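Presented below is the structure to which this report refers.
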Amino acid sequence: MGRGSSTRWSGLVIAGGLALIVLMGAIMVITRSSAEDGLAPLASAPTVAADPPAVTVNGQPIGVNAWAEAVRLDQTMSRFAGVAAMDARQTLERLINEELVLRAAPQDEPGAAQVEGQIAALEAAWQTSDEQIVAALTAAGLSREALVRAVERVLMVQQAQAELTANGTDFGNWLARERENAEIVYDEERIAVVLSSLGATNQPAASPVPAATEAASLPPTAVAPTSTPPPTRVVSELDTAPDFTLPRSDGGDLTLSEQLASGPVVLVFFHRSCSH
Amino acid sequence: MAVAEATAPFPVVVDAEHRVSEAYGVYNLLGDGLAAPSVFVIAGDGRILWSYIGRDDADRPTTDTILAQLP
Chain R
7 MGRGSSTRWS
17 GLVIAGGLAL
27 IVLMGAIMVI
37 TRSSAEDGLA
47 PLASAPTVAA
57 DPPAVTVNGQ
67 PIGVNAWAEA
77 VRLDQTMSRF
87 AGVAAMDARQ
97 TLERLINEEL
107 VLRAAPQDEP
117 GAAQVEGQIA
127 ALEAAWQTSD
137 EQIVAALTAA
147 GLSREALVRA
157 VERVLMVQQA
167 QAELTANGTD
177 FGNWLARERE
187 NAEIVYDEER
197 IAVVLSSLGA
207 TNQPAASPVP
217 AATEAASLPP
227 TAVAPTSTPP
237 PTRVVSELDT
247 APDFTLPRSD
257 GGDLTLSEQL
267 ASGPVVLVFF
277 HRSCSH
Chain H
802 MAVAEATAPF
812 PVVVDAEHRV
822 SEAYGVYNLL
832 GDGLAAPSVF
842 VIAGDGRILW
852 SYIGRDDADR
862 PTTDTILAQL
872 P
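Quick note, the sequences are listed as chains R and H, same order. For what it's worth, my numbering labels the leading residue of the first sequence as 7, then goes sequentially. For what it's worth, my numbering labels the leading residue of the second sequence as 802, then goes sequentially.
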């Protein structure tokens with residue numbers, strides 16, 4: 007780190023009148039098995055070539071990674087939307103219904119302008135910024151691309167739904183009939199593994215059709231989730247800063263709560279070899 | 802020395818066993834066995850007012866962005 011950065015931080019301290027605490031991870035931290043981190047392997051979902059199906063719908067797979075991503079996206083977005091949560095199993099039912107809808111009325115992908123317009127509209131409605139959304143997505147192990155894909159999909163589903171009901175067809179009835187006639191094969195073993203990694207309980211959705219019907223008719227943000235917190239706490243879910251005492255690099259110990267007694271604290275995590 | 806530890810005008814503490822980064826949910830997010838680069842703005846009563854978790858070492862909020870979050 008150069009002098010410029012130090013100056014910048016000192017400016018921050020003076021301007022803010024606050025204690026700036028920098029936490030350094032040890033250089034030689036031994037990397038633990040990523041399997042211990044629960045959600046971490048699934049975080050790379052979009053780039054994993056093989057995505058073993060949790061469910062097949064008329065032979066079309068819905069992969070475990072795609073599902074896990076949808077669940078985490080639902081959880082993240084529902085917090086911004088301030089809506090009640092849908093559990094992981096309900097999210098899976100929603101994906102099944104979307105598959106049926108999009109098969110029945112295939113749609114072209116919406117243009118980037120339309121997708122970005124929708125995202126901007128959501129951000130305005132939630133009174134939040136793109137930066138905050140991205141930070142929350144990152145905390146959940148997701149990229150902004152995941153949100154873009156989800157919004158694309160919802161726009162296509164909405165368009166498909168509009169076409170399917172243009173002649174007065176009741177969507178709920180249509181969907182119930184489709185589900186009856188469809189060959190929907192659940193891989194319960196894989197589903198259990200994903201639910202466990204998401205910290206959810208494995209309870210089949212009591213009534214998939216009504217729940218999913220509702221979901222399919224809602225905007226992406228209202229496709230709510232999360233009755234159960236994921237096992238790995240993500241930052242955006244932390245309301246209160248966990249207290250800690252750690253050794254100072256210049257001797258002695260530092261306790262967060264003692265620092266807070268004299269005002270707000272900016273807590274920065276970085277590691278020693280970090281050049282930024 | 803990577804960080805101006807001796808002269809930094811703010812406390813620098815060492816989280817060698819990454820207990821704190823785990824408590825804040827930022828440990829190993831990037832799969833590198835380290836705390837993800839991240840910033841938390843904490844109010845005097847302990848509430849987290851704002852946070853930012855970087856996608857890589859270079860992904861950090863600007864000083865102005867952080868200052869704007871202060872109560």
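Note that the Cβ used here is the ideal one computed from N, Cα and C, for glycine as well. Just so we're clear, the structure is a prediction, and the values are computed from it rather than from any experiment.
Backbone CA spacing between R:E189 and R:L106 [nearest angstrom]: CA-CA distance, R:E189 to R:L106, rounds to 11 Å.
Report yes if the CB atom of H:D816 is closer than 8 Å to the CB atom of H:P838, and no otherwise. Contact: no.
Chain-ordered chain H contacts of R:D245 [CB-CB under 7 Å]: Below the 7 Å Cβ cutoff, chain H contributes R848 and I849 as neighbours of R:D245, in chain order.
Taking one C-beta from the stretch 175-193 of chain R and one from the stretch 141-158 of chain R each time, how about it: are there three or more such pairs within less than 8 Å? Contact between the stretch 175-193 of chain R and the stretch 141-158 of chain R is absent, because fewer than three Cβ pairs lie under 8 Å.
Please name the residues in the stretch 152-164 of chain R whose beta-carbon is closer than 8 Å to at least one beta-carbon of chain H, in chain order. Of all residues in the stretch 152-164 of chain R, none has a Cβ within less than 8 Å of some Cβ in chain H.
Which residues does DSSP pair with R:G69 in a beta bridge? R:G69 is bridged to R:P59.
DSSP three-state assignment for R:R254, whether helix, strand or coil: In the structure shown, R:R254 sits in a strand (DSSP, three-state: E or B).
Grouping DSSP H, G and I as helix and E and B as strand, with all else coil, what is H:V821? It is helical.
Limits of the unbroken alpha helix (DSSP H) element including R:T144: Start and end: D136 to A145.
Around the C-beta of R:G257, are 16 or more other C-beta atoms found within 10 angstroms, so that it is buried, or is it exposed? So R:G257 counts as exposed.
In angstroms, rounded to a whole number, what distance separates the CA positions of R:T171 and R:Q113? Their backbone Cα atoms lie some 15 Å apart in a straight line.
Name the one or two DSSP bridge partners that H:V840 has. The partner list for H:V840 (beta bridge, DSSP) reads R:V274 and H:Y853.
In this structure, what does DSSP give as the bridge partners for R:L260? Answer is R:L252.
8 Å Cβ cutoff met for R:L260 and R:A247: No. Outside cutoff.
Within chain R, partners of H:A844 - CB distance below 7 Å: Within chain R, the residues near H:A844 are P270.
Going by other Cβ atoms of all chains shown within 10 Å of its Cβ, with 16 needed for buried, is R:T134 buried or exposed? Residue burial annotation: R:T134 is exposed, with fewer than 16 other C-beta atoms found within 10 angstroms of its C-beta.
What in chain H is Cβ-close to R:P58, meaning under 7 Å? Neighbours of R:P58 in chain H, taken as residues at a C-beta separation under 7 Å, are lacking, since the least C-beta distance is about 21 Å.
Determine the burial state of H:L850: buried for a count of at least 16 other Cβ atoms within 10 Å of its Cβ, exposed for fewer. Looking at its Cβ environment, which holds fewer than 16 other Cβ atoms inside 10 Å, H:L850 is exposed.
Residues in the same chain with beta-carbon distance under 7 Å from R:D136, minus the five sequence neighbours each way, listed in chain order, please. Result list for R:D136: E129, in chain order.
Residue burial classification, H:G826 (beta-carbon count within 10 angstroms, cutoff 16): Burial check for H:G826: the Cβ neighbour count within 10 Å reaches 16 or more, so the residue is buried.
Cα separation between R:A119 and R:E169? Cα-Cα distance, rounded: 22 Å.
Out of R:E115, R:T251, R:E264 and R:L244, state which residue places its alpha-carbon closest to the alpha-carbon of R:V160. Selected option, being the one with the closest Cα: R:E115.
Can you find the residues in the same chain that come closer than 8 Å, C-beta to C-beta, to H:Q870, ignoring five residues on each side of it along the sequence? Only V842, L850 and W851 meet the Cβ criterion.
Please work out which residues of its chain come closer than 6 Å, Cβ to Cβ, to R:T62, disregarding the five sequence neighbours upstream and downstream, and give them in chain order. Only V191 meet the Cβ criterion.
R:V157 versus R:G69: straight-line alpha-carbon distance, rounded: Taking the straight line joining both Cα atoms gives about 18 Å.
Along chain R, which residues have their Cβ under 9 Å away from the Cβ of H:A869? Within 9 Å Cβ-Cβ: nothing; H:A869 doesn't reach chain R, min ~11 Å.
Mind checking which residues open and close the alpha helix (DSSP H) that includes R:V163? R:V163 -> alpha helix (DSSP H) spans R150 to L170.
Quick one: give me the first and last residue of the beta strand (DSSP E) that R:V191 is part of. For R:V191, the enclosing beta strand (DSSP E) covers residues I190 to Y192.
Report the partner residues of H:R848 according to the DSSP bridge assignment. DSSP output for H:R848 lists R:T246 as bridge partner(s).
Could you tell me which of R:N64, R:E194, R:A76 and R:P59 sits nearest to R:V154, measuring between CA atoms? Nearest of R:N64, R:E194, R:A76 and R:P59 to R:V154, Cα basis: R:A76.
At which residues does the alpha helix (DSSP H) containing H:F811 begin and terminate? No alpha helix (DSSP H) holds H:F811; DSSP gives it neither H nor E.
Hey, does R:L106 have any beta-carbon neighbour from chain H nearer than 8 Å? No, its Cβ sits nowhere closer than 8 Å to a Cβ of chain H.
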